[in-house]
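Asker: Dropping a structure here in structure tokens format, bear with me for questions.
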Amino acid sequence: MQKIIKEFQLNYVSDCLNQFFTKDTLLFDIECTGLSPRTAQVYLIGCAFRCEKTITIVQFLMDDLSEEESLLVAFDEFLKKYNNLMGFNSTRFDQPFLEERYKKYNLPHSLKTKNHTDLYLTSTKLKCLIDLPNYKQKSIEQFLGLYRKDEYDGGQLIPVYKDYAINKNEEALKLVLLHNYEDVKGMITAIDFLAYLPLLKSNIILDDYVCESDDSFVRVTARLPFRVPNNINKKREYGLIIISNNSISLILDIHRLSLNTYLKDFKNYVYHTEENIIIPKVLATTIDKALIRPATREDCHASLDGCFVRIPEHIEVSSDVRIFKESFKSKDFYIQSSDINEYIAKQLIRYIIKH
0 MQKIIKEFQL
10 NYVSDCLNQF
20 FTKDTLLFDI
30 ECTGLSPRTA
40 QVYLIGCAFR
50 CEKTITIVQF
60 LMDDLSEEES
70 LLVAFDEFLK
80 KYNNLMGFNS
90 TRFDQPFLEE
100 RYKKYNLPHS
110 LKTKNHTDLY
120 LTSTKLKCLI
130 DLPNYKQKSI
140 EQFLGLYRKD
150 EYDGGQLIPV
160 YKDYAINKNE
170 EALKLVLLHN
180 YEDVKGMITA
190 IDFLAYLPLL
200 KSNIILDDYV
210 CESDDSFVRV
220 TARLPFRVPN
230 NINKKREYGL
240 IIISNNSISL
250 ILDIHRLSLN
260 TYLKDFKNYV
270 YHTEENIIIP
280 KVLATTIDKA
290 LIRPATREDC
300 HASLDGCFVR
310 IPEHIEVSSD
320 VRIFKESFKS
330 KDFYIQSSDI
340 NEYIAKQLIR
350 YIIKH
């Protein structure tokens, strides 16, 4: 069995990397001779740890198909030094595969004692915000600007490894080690994808909030308390969100319309059938009862010509902000553009991000 160790230096350590890839965290990735842990073997385990800007990648490799037990023992001894474990699709594949192989040899292991973060499962939470062809590791790496030298996947390398294990083909060994090395190294890049997660929180923090408008749109700009690695523009029917570095902009179209606002206390009014007006009940006591009837929700409205922005139905507004509609049965909701405030802007940002 071989233990291959390589080091490299990071040019920059992001806040996200500091948060998720601490000195107590071990990244890992396994290579197997098949997908079933009952019939296939683990022939290579790559892992990485960090000390400030120095990354060390360690690879445990079986030189032949008889060394799996030694490889598993060596990896677990290494793993015991860390409390946190991180991989890509690792809670659904890598860890269960390893557990089954430890079970085969009746070996104790510390896998279940670790705090395990699965980068794949965590990253898929961002599907609502970031459109990718898929959420495989290579797709995330490419979104973040990383393009590999390795062009193989794990399945394609199974016969390549067997060529090395049987014939000691050094070119085959280089291909196997490169693939695993770049999988592990790529995970370090992929961690920065998690920088977008705070945007999904129910209470988004906005600093230096500014709201301004002109004849055609309302623009909300603010500073985020974190940075994102790549710019994102997301257009939905309610507006456009632009996220760049540590700033966010929400742009809402202004609609010049004549709309109605409906009174919530409609039960306190009556409707005059000849005048087509609503009258407070307290003022209708002297009117001929044949000319009035109880007012409905649809009756009790006031019209306004003005500048409005469209909002989703469930957006919460304070009691002093009026909701407007084209008609009582209309599904489109509007508020006056002058009523946009930070509370409403946060809700709109979160709605557009998540839908």
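Take 0 as the starting number for the sequence shown in numbering that gives the first Met the number 0 and just add one per residue.
From the three backbone atoms N, C-alpha and C, an ideal C-beta is built for every residue, glycine too.
Model, not experiment: these values are computed from the prediction.
1) Can you list, in chain order, the residues of its chain whose CB lies under 6 Å from that of E312, leaving out five sequence neighbours each side?
2) Give the secondary structure of V217 by DSSP, where H, G and I count as helix, E and B as strand, and everything else as coil.
3) Can you give me the C-alpha to C-alpha distance between F96 and E68, rounded to a whole angstrom?
4) Mapping the DSSP letters down to three states, classify N259 as helix, strand or coil.
5) Among D252, S122, Y11, K324, which one has its Cα closest to the Cα of E51?
6) Excluding the 5 residues preceding and the 5 following S201 in the sequence, name in chain order all residues of the same chain whose CB lies nearer than 6 Å to its CB.
7) Here's a check: name, in chain order, each residue in its chain whose Cβ is nearer than 6 Å to the Cβ of I352, leaving out the five neighbours to either side.
8) Going by DSSP, which residues form a beta bridge with D206?
9) My guess is that Q40 and C31 are in contact by the Cβ rule of under 8 Å, so how many angstroms apart are they, rounded?
10) What are the boundary residues of the alpha helix (DSSP H) that includes Y268?
11) Opposite L84 in the DSSP bridges: which residues?
12) Using 8 Å as the Cβ pair cut-off and three pairs as the minimum, do the stretch 99-118 and the stretch 75-87 touch?
13) Judging by CA-CA distance, which residue of R292, L193, H254, N168 is the nearest neighbour of K266?
14) Compare the beta carbon distance of P279 and Y268 with 8 Å and say whether it is the shorter of the two.
15) K288 by DSSP, collapsed to three states: which one?
16) How big is the Cα-Cα spacing for A289 and R296?
17) Nearest CA to the CA of F307: which residue from Q346, I348, G238?
18) List the whole-angstrom C-beta distance separating C299 from I322, where the pair is believed to meet the contact cut-off of C-beta under 8 Å.
19) Classify E68 as helix, strand or coil using the three-state DSSP reduction.
Answerer: On the basis of the coordinates in this document:
1) The answer, listed in chain order, is F332.
2) Three-state result, V217: strand.
3) Each residue's Cα considered, the two are about 14 Å apart.
4) N259 falls in the strand class under three-state DSSP.
5) That would be Y11, whose Cα lies nearest to the Cα of E51.
6) If you ignore the 5 residues before and after S201, its C-beta comes within less than 6 Å of no other C-beta in its own chain.
7) The answer, listed in chain order, is L128, L198.
8) According to DSSP, D206 bridges with R222.
9) By a beta-carbon distance limit of 8 Å, Q40 contacts C31. Their separation comes to about 7 Å.
10) For Y268, there is no enclosing alpha helix (DSSP H); the enclosing beta strand (DSSP E) covers residues 268-271.
11) BP columns for L84 point to L25, H115.
12) Below 8 Å, enough C-beta pairs join the stretch 99-118 and the stretch 75-87 to call them touching: three or more.
13) Nearest C-alpha to K266: R292.
14) It is a contact, given that the beta carbons lie within the stated cut-off.
15) K288: helix per DSSP, three-state reduction.
16) Distance between the alpha carbons of A289 and R296: 20 Å.
17) It is G238 whose Cα lies nearest to the Cα of F307.
18) Incorrect: roughly 13 Å between the Cβ atoms, too far for contact.
19) In the structure shown, E68 falls within a helical segment according to DSSP collapsed to helix, strand and coil.
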